[in-house]
Structures are given as C-alpha cells and as structure tokens.
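Engineer: Have a look at this one.
Numbering (the numbering used here), first residue to last: 5 to 396.
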C-alpha cells in the first residue's frame, strides 16, 4: 500500500506534469482551458477517493525555486547579471508585465523576466527553456516578447546622447586613455547572426556569407551605449547604415557636439568636422600621421570592447540568434543594449577576454570617394600636429 503522504506527492506530481504537457502541446487558449478542466475533474476524483485535500494540488509559481537553485556566482554566470541588478530591473518593468484586463492569468512578472533573461543570456532554443520553467512554447514566447518590449520602451532612460557635464567627463575619459582630444563617443557597427529568413534571404547575407542583422552603436569611454540602431540587413554597407541613421544628422547639429567635440570611427566612415577617421594606411604616412592613427586606434578599440562585452553578457547575440520572427529581432537587440547599460550603471561588471576584442576586426569598407579639403580634414591635421608623440 502506498502511504497517504506518498499518494499526495504522486497525485501532485502527476498534476504538475499534466499541466506541463498541456503547456507544451496546446498553445491554443481555448483548447488549453477545455483540457485543464478535464484534468481538474480527474484529479478531484482521485482526491475524493483517497480523501486528500484539494489544496495539495496547487501548483505554485516556481520562480523562487529556480532562483534558489543558484548561488550568487552561478546566478550571474547563468543570467548575465547580479541578483540585485535583476531585482532593480524587475521593479522598473513590472507594471508592463502585469495583465490589466481580464483573461487567462499570466505567470508572475518575476518568472517572465527569468525566462526572457535566460533567452537573452544563453544560446538555448525555446524547448529546454520551456522544460526548465514548466511553461509551454506560447507562454515562453509571450513572456520574452513582453519583457523585451518593456525594456526597449524604456531605452530613452538608459541610452542617452551625452551633454553638459557628462559630455565633458567622456572627453576627459578618452583623453586619459588615448591622448586623443575632444572625443564624445566612438561609432561602429556589428553583425548579429540570425537564422536564414524565409523572405528575401539573400539581402541578409553579409561579407562573411552569414545571414545577419546589423547593430550600429556609439559608446563612451566606460563602454556604455549612447546611441543604438538595429535592424538593417547584413548586406547593407556600414557607411550606408550610418547615412540613414539619426547620428549622421547629428553631425550637422553643433548642439550635439559641444566644446568642438567629435566622434571617432574607422576608415569606413567619411571624415567630418564632428567625425574623425584615421589616415589611410596604404598612403605614405609621416611619423605624426602614424602617431595620430595610433592614438585614434587606442580610442576606437573602445567600441570593440563594448560589443564584445555585450555579446559575452548576452550570449544569444554571440551565436546564431534563435528567433523566427525577423521583425522582432531589432527590438530584442536594443533590449540587450539597454540591459548592458543598466548593468554598468549598477556597477555590475562582467569579464571579457582581451583576445576576443582583438579578433573583432570587421572587414572595413574603405571610403574611396575623393574629397576636397574640408573642415574635417583641417581639424584632423590640427589634431595630428598637436598630439603628443606616443607611437615612437
């Protein structure tokens, strides 16, 4: 004979597994509601037969159980951030994760965020995520979608173009590490590998023959993003992505570049008074021009470190992103960038390997367009002549 306590555990376990199977294979809400009523009726019959209280079958939200499985070090390794950072972000996005209308009850905001964060911080597909959190694919998809949207909608709070004292602080920061004056940010782009799209797949193929979505970003000296743009397909040249971006229009707005400041970018960009590029290496460079390029490179590598840190913390971006809906990928990428900034603002550091930074050497499309001497060229020449010789 099975002891009463074992019977309770057995029936409770069967009930939980039945719900899991139901979640996994019945994404239609009407079907779900019909089948769950049948399961409940069957369990009530078992309860009546064994005189077990119905309350023993209550399947509690297991978010706390998931959290309790990890110590602090393991939690950060798995979810890409400290528990305190997790709680801070959850408090910000919680209102967007609570259902405000009647309908099927949602899983808790904490569990929604855990599912989404697992999706962002790992390269796992949805099936193991669903199994880990005891939810169906539809539930997991909607949880990730709600969390991503909630974070992306708050991007303006954490990804800001610098001005005032912050702009001065960034200029001082870059000058201290590279000796290059007047830098307010570094611009570059990176490719996020995706699955082969069903529509116009060739347009997503980049120079490495991989399907990708591009992220163009500007970062400061502390590896925080100050502007992000995601969504252009892999085949679009980086210079065109820049021309179509908001940042390109910033170049003609002096208020965006106080104290005669500027961005720095690689040779794929066209020089401008507010965008300093290197001298071409295929030209006969003077010692001062080589020194300029050395200092420029010392600053430019900051954006490479930023991209490596982003992809190491949120490893879904490091490998092929497991998302079917191409139209939702840009928002997913932006949400990762927002969380990246929040982590840094919360002093939630994440280690990277320097060799990874050196390997992120994108194929640069050198600008071959002939230009007349302009304000950008003159400014570069002045900086070149004023720089302290470091590359000697």
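Even glycine gets a Cβ: it sits at the ideal position worked out from N, Cα and C.
Decide if the segment 151 to 162 is in contact with the segment 199 to 211; the criterion is three or more beta carbon pairs, one per stretch, under 8 angstroms apart.
Structural biologist: These segments do not touch.
Engineer: Terminal residues of the continuous alpha helix (DSSP H) containing residue 242?
Structural biologist: 242 to 247
Engineer: Just how far apart, CA to CA, sit residue 377 and residue 83?
Structural biologist: Since pLDDT at residue 377 reaches only 46, below the 50 mark, its modelled position is unreliable, and no value is offered.
Engineer: According to the neighbour-count rule (16 or more other Cβ atoms, all chains shown, within 10 Å of its Cβ), is residue 234 buried or exposed?
Structural biologist: buried
Engineer: Indicate the three-state DSSP secondary structure (helix, strand or coil) for residue 139 in the structure shown.
Structural biologist: coil
Engineer: Let me know the beta strand (DSSP E) ranges lying completely inside the segment 173 to 224, each 3 residues or longer, listed in chain order.
Structural biologist: 187 to 197, 216 to 223
Engineer: Count the other CB atoms within 10 Å of the CB of residue 382; is the residue buried (16 or more) or exposed (fewer)?
Structural biologist: Flag for residue 382 reads exposed.
Engineer: Looking at the unbroken alpha helix (DSSP H) that takes in residue 94, where does it start and where does it end?
Structural biologist: 87 to 101
Engineer: Answer with buried or exposed for residue 57, where buried requires no fewer than 16 other C-beta atoms within 10 angstroms of its C-beta.
Structural biologist: Since pLDDT at residue 57 reaches only 45, below the 50 mark, its modelled position is unreliable, and the value read off the structure follows with that caveat. So residue 57 ends up on the exposed side.
Engineer: Using DSSP with H/G/I as helix, E/B as strand and the rest coil, what is residue 269?
Structural biologist: Of the three classes helix, strand and coil, the one that applies to residue 269 here is coil, per DSSP.
Engineer: Figure out for me which residue from 229, 244, 193 has the closest Cα to the Cα of residue 160.
Structural biologist: 229
Engineer: For residue 134, does the three-state DSSP call read helix, strand or coil?
Structural biologist: helix
Engineer: Leaving out five residues on either side along the sequence, give the residues of the same chain with a beta carbon under 7 angstroms from the beta carbon of residue 325.
Structural biologist: 196, 197, 198, 333
Engineer: If residue 388 sits next to residue 284, beta carbons under 8 angstroms apart, how far is it from one beta carbon to the other, in whole angstroms?
Structural biologist: In fact, because the Cβ distance is near 13 angstroms, the residues do not count as touching under 8 angstroms.
Engineer: By the 10 Å Cβ neighbour count, where 16 or more other Cβ atoms means buried, how is residue 393 classified, buried or exposed?
Structural biologist: exposed
Engineer: For residue 102, which of 258, 112, 158 has the nearest alpha-carbon?
Structural biologist: The shortest Cα separation from residue 102 among 258, 112, 158 belongs to 112.
Engineer: Once DSSP output is grouped into helix, strand and coil, what is the label at residue 261?
Structural biologist: coil
Engineer: Are three or more beta carbon pairs between the segment 167 to 179 and the segment 215 to 223 nearer than 8 angstroms?
Structural biologist: These segments do not touch.
Engineer: When DSSP labels each residue in this structure, what does residue 231 get in the three-state scheme?
Structural biologist: Strand, per DSSP.
Engineer: Restricting to Cα atoms, I'd like to know which of 89, 88, 219, 116 is closest to residue 99.
Structural biologist: Residue 116 holds the alpha-carbon nearest to the alpha-carbon of residue 99 among 89, 88, 219, 116.
Engineer: What does residue 276 pair with, by DSSP beta-bridge criteria?
Structural biologist: 279
Engineer: Candidates 167, 73, 87, 297: which alpha carbon is nearest residue 263's?
Structural biologist: Checked all of 167, 73, 87, 297; the closest Cα to residue 263 is 167.
Engineer: Would you tell me roughly how many angstroms separate the C-alpha atoms of residue 315 and residue 141, rounded to the nearest one?
Structural biologist: 25 angstroms
Engineer: Please tell me whether residue 156 and residue 339 are closer than 8 angstroms, where the distance is taken between their beta carbons.
Structural biologist: yes
Engineer: Would you tell me roughly how many angstroms separate the C-alpha atoms of residue 93 and residue 286, rounded to the nearest one?
Structural biologist: 48 angstroms
Engineer: Grab the span of the alpha helix (DSSP H) containing residue 74 for me, first residue to last.
Structural biologist: That residue, residue 74, is in no alpha helix (DSSP H); it is neither H nor E in DSSP.
Engineer: Which whole-angstrom value describes the C-beta separation of residue 289 and residue 279, a residue pair presumed to lie in contact below a C-beta threshold of 8 angstroms?
Structural biologist: 20 angstroms between Cβ atoms; not a contact.
Engineer: If we count the other Cβ atoms within 10 Å of its Cβ and call it buried at 16 or more, is residue 402 buried or exposed?
Structural biologist: The chain is shown only over 5 to 396; residue 402 falls outside these bounds and no answer can be derived.
Engineer: What three-state label does DSSP hand residue 312 in the structure shown?
Structural biologist: Assigned with DSSP and collapsed to three states, residue 312 falls in helix.
Engineer: For residue 385, report the span of its alpha helix (DSSP H) as first-last.
Structural biologist: 379 to 390
Engineer: Do the segment 247 to 262 and the segment 344 to 363 touch if we need at least three Cβ pairs shorter than 8 angstroms?
Structural biologist: no
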